[in-house]
Amino acid sequence: MAGASGWQKALDASLEMLVGVLSHRVVENVPRALTVMQRLTTDPTHRKALQAFRERWERDEALRRQAQVLARNPKMIQKVAVNWVVRDLLWSGPVRQRVSKELGVQVPHVLLVDPTEACNLRCKGCWAGEYEVHSLPFERLDRLFTEAEELGIRWIVLSGGEPFAYKRLLELVARHPEMVFMAYTNGTFIDDEVADRLAELANFSPAISLEGFREATDARRGEGVFDKVMAAMDRLTERGVIHGASVTVTRHNVEELFSDEFIDLLIDKGCAYLWSFHYIPIGRDPDPTLMLTPEQRSWLVRRVRELRASKPIFIADFWNDGHAVGGCIAGGRQYLHINAKGDVEPCAFVHFATANIRECSLVDALKSPLFAAYQARHPFNENHFVPCPIIDNPQALREMVAESGAYPTHPGAETVLEGPIAAYLDQLSARWQAEADRLEEAMGLKGKVGVV
575 MAGASGWQKA LDASLEMLVG VLSHRVVENV PRALTVMQRL TTDPTHRKAL QAFRERWERD
635 EALRRQAQVL ARNPKMIQKV AVNWVVRDLL WSGPVRQRVS KELGVQVPHV LLVDPTEACN
695 LRCKGCWAGE YEVHSLPFER LDRLFTEAEE LGIRWIVLSG GEPFAYKRLL ELVARHPEMV
755 FMAYTNGTFI DDEVADRLAE LANFSPAISL EGFREATDAR RGEGVFDKVM AAMDRLTERG
815 VIHGASVTVT RHNVEELFSD EFIDLLIDKG CAYLWSFHYI PIGRDPDPTL MLTPEQRSWL
875 VRRVRELRAS KPIFIADFWN DGHAVGGCIA GGRQYLHINA KGDVEPCAFV HFATANIREC
935 SLVDALKSPL FAAYQARHPF NENHFVPCPI IDNPQALREM VAESGAYPTH PGAETVLEGP
995 IAAYLDQLSA RWQAEADRLE EAMGLKGKVG VV
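Every number in the working numbering is 574 more than the matching position in the sequence shown, counting from 1.
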C-alpha cells in the first residue's frame, strides 16, 4: 500500500513482532502470536475466530501435538502467519474493499488458477476431464499474480490438470514470496526434491486428493496411487510443510471419507486441513447417480460438525457450509476460476465464461457480465444449506448463462443446462430443498450467517 501512515507503521511494527514471536519455540509461542493477531485485526469476525482458536488450543492436546510436527519448519509457520493471516486477511481486506469501490466491481479474496490441464493420471469422472490440454504462458501467469497483488488478492489456489505437471510452477511461486499458494494435486510428483523445495519456499501448501483408503483411491486414480500419496504426505510432514487433503464425496464413499478411521489417518499423516467437494456431474463421463442423496447430505452436515468438535483438523464442506459465508462464494464474490485456456469462469464447476485472461486484464475480467449476473442474484436461496446454482438452484444458472451470453468452455458443458442431467438436477434439488428446510429449522440456523 502506498504511503507510510501512522497506522501502517504500527502495523509494520506489530508484524515484525509477530515474526519474532514465531521464530523460536513455535508451539510455546502460539498464544502470544494469537494475541498479536487479535490486536492487528479490526474485523470482529476475525477476532472472534482467533479467540475460538485460542480456546481450542488451550484445551486440545492433539492440536498442540500436530503443531509440534509443523514446528519442524518455523519458516513455514512464519510465512503462513505473515502472508495469510496478516498480509491477506488483515491488510488486504480493506484494500480489496477500497479497490472494489473505486473500480465498481467486486474484487474476490481468492483466485483459482489452472496453470495447465496436463495430468499424468486419468481419474474417472474428473471435473476437468473434458478440457482440451492447454497451458497458460509463464509470463501471463506471473503478470496475473502481480495484478492480483495490486488489487489486494494474496491467496492463489492452483488446480488443473495437475499443477505440478507445469514445469516452472515453483519458479513462479518463488517470484511472489508475499503471497500464499495452495494446490489441489494428486501428490504423485512430490518426491524428495520437490518436498525440499516446498520447505524452502514456505508459502505453498499442497492439498492432496484421495477417494478414501487404498481400494477406493486406486479404483478411481490408478493402481499404486494411494501408496504414493501416503509417501508424499510423509515427506511433507518430515519437513514441516503444511499440507492437507482434498476429497470428492459420492454416495458410495461418503461414510468412508468421514469415518473416524479415515480422518485419523489424515491426522496421523500430518494433514492440517480437509477440503470436501460434493460430486458434480460435469467433466469426463458425468454420472448424476454418484451424487449424494438428500439424506446422505443431511447426515454429512451433522457429521462434519461432530468431527470439527473432536478432531485436530480443519474441515471445509463447501456445499454444506453456506451459513459460514452467506451462500455461494463463486462468480467473483469471493473467488473465481481461470482455466488453462484462459477462460475466466465463475467457479471450477461452472464451465461457462464471457472473458479470457489471455485477451484482457484481471480488472476487465472481473467486469464479466456473467459475474454481474451472479452477484445480482446472490444469495440464490434464503436457506444457506442450498447455496449452489449448479446442483441446488439449477434454474438460476440457466438464467445467468442466457442473460450474459456466456459460452461453454468445453464441449458438453451445456449438459447441466438441458437434457437428462439437467432434469436429474431439477428433481434432486427439489428433494434437497425440502430436506434442507427441515434441517435448517431443526438446527436453529434460519437467517444466520457466519456460523459453521
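The C-beta atom is built at its ideal place from N, Cα and C for all residues, glycine as well.
For the beta strand (DSSP E) containing residue i, list its first residue and its last residue.
{"i": "residue 525", "result": "The structure shown does not extend to residue 525, since the chain is modelled only from 575 through 1026, so no value can be given for it."}
{"i": "residue 684", "result": "684-687"}
Assuming residue i contacts residue j under a Cβ cut-off of 8 Å, what Cβ separation, rounded to an integer in Å, is found between them?
{"i": "residue 823", "j": "residue 800", "result": "Actually they do not touch by this definition, with Cβ atoms about 17 Å apart."}
{"i": "residue 684", "j": "residue 729", "result": "5 Å"}
{"i": "residue 844", "j": "residue 826", "result": "In fact, because the Cβ distance is near 27 Å, the residues do not count as touching under 8 Å."}
{"i": "residue 732", "j": "residue 687", "result": "6 Å"}
{"i": "residue 654", "j": "residue 940", "result": "27 Å between Cβ atoms; not a contact."}
{"i": "residue 536", "j": "residue 841", "result": "Lying before the first or after the last residue shown, residue 536 is absent from the chain, which here runs from 575 to 1026."}
Pull the bridge partners of residue i from the DSSP assignment, please.
{"i": "residue 818", "result": "781, 847"}
{"i": "residue 909", "result": "684"}
{"i": "residue 690", "result": "709"}
{"i": "residue 823", "result": "852"}
At the level of alpha carbons, what is the spacing between residue i and residue j?
{"i": "residue 581", "j": "residue 666", "result": "Caution applies to residue 581, whose pLDDT of 48 falls short of 50 and renders its modelled position unreliable; the value that the coordinates give is listed next. Rounded to whole angstroms, residue 581 to residue 666 spans 14 Å at the Cα level."}
{"i": "residue 861", "j": "residue 698", "result": "10 Å"}
{"i": "residue 1015", "j": "residue 898", "result": "16 Å"}
{"i": "residue 988", "j": "residue 735", "result": "21 Å"}
{"i": "residue 651", "j": "residue 959", "result": "33 Å"}
{"i": "residue 611", "j": "residue 622", "result": "11 Å"}
{"i": "residue 925", "j": "residue 915", "result": "12 Å"}
{"i": "residue 1005", "j": "residue 764", "result": "42 Å"}
{"i": "residue 946", "j": "residue 1018", "result": "32 Å"}
{"i": "residue 913", "j": "residue 993", "result": "25 Å"}
{"i": "residue 771", "j": "residue 1013", "result": "46 Å"}
{"i": "residue 739", "j": "residue 723", "result": "25 Å"}
{"i": "residue 716", "j": "residue 746", "result": "7 Å"}
{"i": "residue 848", "j": "residue 725", "result": "28 Å"}
{"i": "residue 903", "j": "residue 891", "result": "13 Å"}
{"i": "residue 930", "j": "residue 762", "result": "30 Å"}
{"i": "residue 776", "j": "residue 628", "result": "24 Å"}
{"i": "residue 838", "j": "residue 807", "result": "14 Å"}
{"i": "residue 778", "j": "residue 766", "result": "16 Å"}
{"i": "residue 832", "j": "residue 907", "result": "29 Å"}
{"i": "residue 943", "j": "residue 709", "result": "25 Å"}
{"i": "residue 1011", "j": "residue 854", "result": "22 Å"}
{"i": "residue 911", "j": "residue 638", "result": "35 Å"}
{"i": "residue 836", "j": "residue 812", "result": "21 Å"}
{"i": "residue 783", "j": "residue 614", "result": "34 Å"}
{"i": "residue 676", "j": "residue 935", "result": "16 Å"}
{"i": "residue 1009", "j": "residue 873", "result": "11 Å"}
Taking residue i as part of the alpha helix (DSSP H), name the residues at either end of that continuous run.
{"i": "residue 995", "result": "994-1017"}
{"i": "residue 758", "result": "Run containing residue 758: none in the alpha helix (DSSP H); it sits in the beta strand (DSSP E), 754-759."}
{"i": "residue 730", "result": "It is not in any alpha helix (DSSP H) - residue 730 instead sits in the beta strand (DSSP E) that spans 729-732."}
{"i": "residue 946", "result": "943-951"}
{"i": "residue 831", "result": "828-831"}
{"i": "residue 750", "result": "Counting along the chain, residue 750 falls outside any alpha helix (DSSP H), and DSSP gives it neither H nor E."}
{"i": "residue 873", "result": "868-884"}
{"i": "residue 674", "result": "667-677"}
{"i": "residue 896", "result": "896-899"}
{"i": "residue 648", "result": "648-653"}
{"i": "residue 800", "result": "799-812"}
{"i": "residue 793", "result": "788-795"}
So, with DSSP's three-state summary, where would you put residue i?
{"i": "residue 709", "result": "strand"}
{"i": "residue 965", "result": "coil"}
{"i": "residue 853", "result": "coil"}
{"i": "residue 984", "result": "coil"}
{"i": "residue 889", "result": "strand"}
{"i": "residue 919", "result": "strand"}
{"i": "residue 927", "result": "strand"}
{"i": "residue 581", "result": "The pLDDT assigned to residue 581 is 48, lower than 50, so where the model puts this residue is not dependable; a value taken from the coordinates is nonetheless given after this. Helix, per DSSP."}
{"i": "residue 960", "result": "coil"}
{"i": "residue 659", "result": "helix"}
{"i": "residue 1025", "result": "coil"}
{"i": "residue 634", "result": "coil"}
{"i": "residue 989", "result": "helix"}
{"i": "residue 603", "result": "helix"}
{"i": "residue 860", "result": "coil"}
{"i": "residue 609", "result": "helix"}
{"i": "residue 645", "result": "coil"}
{"i": "residue 835", "result": "helix"}
{"i": "residue 615", "result": "coil"}
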